[in-house]
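Asker: Structure incoming, see below.
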Amino acid sequence: MWHLVLLWGCLLLPGYAAMVGPKEISGFEGDTVSLQCTYKEELRTRRKYWCRESGFILSRCSGTVYAKEDGQETTEGRVSIRDSPQTLTLHVTLRKLTLKDAGKYFCGVSKLGLDESFLVSLLVFPGNKGLCFPGWGTGDTEGRGTGGPLISAGV
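The sequence shown maps to residues -17 to -1, 1 to 138 in mature numbering (1 follows the signal peptide of the UniProt record, and there is no 0).
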């Protein structure tokens, strides 16, 4: 029986902890947030990506943004991603957050069979970080999260 449990664990979690990062990040509407996902040496040459979780039974990705192999930053919409193989780190920046951006995302590495990935929850809070008093302020709405979708669904 014990052997079956060990076999089950090997099949279910073949690359356990091959990629790690923050389980949760948060920001206010209009904010920019950044995170780093680190990966193991054996994944250094693999293609890295960031995507939004979709699907109910099986976790799938939508709006996938892939990092360039040359280490240059890739920007699609309000998402920037950059792979740093020297430090085994995937850098992700999300700009002009909106309430609709809240959800679950994957830092992932493409590989034969099941990809290695790490699930990150993004929380977006309404309003501004500072106190707001009616009649005070500049009326400037820049940075209030009025941009388009964080990741376009057609990618």
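Even for Gly, the Cβ is constructed at its ideal location relative to N, Cα and C.
1) Would DSSP call residue 56 helix, strand or coil?
2) With H, G and I counted as helix, E and B as strand and the rest as coil, what does DSSP make of residue 6?
3) Assuming residue 16 and residue 80 are in contact, meaning their beta carbons sit under 8 angstroms apart, how far apart are those beta carbons, in whole angstroms?
4) Could you tell me which uninterrupted beta strand (DSSP E) segments, each at least 3 residues in length, are contained entirely in the stretch 63 to 95, listed from first to last along the chain?
5) When DSSP labels each residue in this structure, what does residue 25 get in the three-state scheme?
6) From the DSSP output, read off the bridge partner residues of residue 51.
7) Which of the three DSSP states is assigned to residue 43 in this structure?
8) Taking residue 10 as the reference, which of 63, 91, 76 has the closest Cα?
9) Less than 8 angstroms between the CB atoms is what I'm expecting for residue 106 and residue 85, so what's the real figure, rounded?
10) By how many angstroms is the C-alpha of residue 58 removed from the C-alpha of residue 3?
11) Which of the three DSSP states is assigned to residue 116 in this structure?
12) Please report the Cβ distance between residue 12 and residue 104, rounded to the nearest whole angstrom; I am assuming they are in contact, meaning their Cβ atoms lie under 8 angstroms.
13) When the Cα atoms are used, what is the spatial distance from residue 87 to residue 45?
14) Looking at the structure shown, is residue 35 part of a helix, part of a strand, or coil, going by DSSP?
15) Rounded to whole angstroms, what is the Cα-Cα separation between residue 117 and residue 34?
16) Select from 98, 89, 94 the residue whose C-alpha is nearest the C-alpha of residue 19.
Answerer: Reading from the atomic positions:
1) coil
2) coil
3) 7 angstroms
4) 72 to 77, 86 to 92
5) helix
6) None; residue 51 has no bridge partner.
7) strand
8) 76
9) 6 angstroms
10) 22 angstroms
11) Bear in mind that the predicted position of residue 116 carries a pLDDT of just 45, short of 50, making it unreliable; the figure below should be weighed with that in mind. Residue state, collapsed to three classes: coil.
12) Incorrect: roughly 17 angstroms between the Cβ atoms, too far for contact.
13) 11 angstroms
14) strand
15) Its pLDDT being 49, under 50, residue 117 is placed unreliably in this model, and the coordinates cannot settle the point.
16) 89
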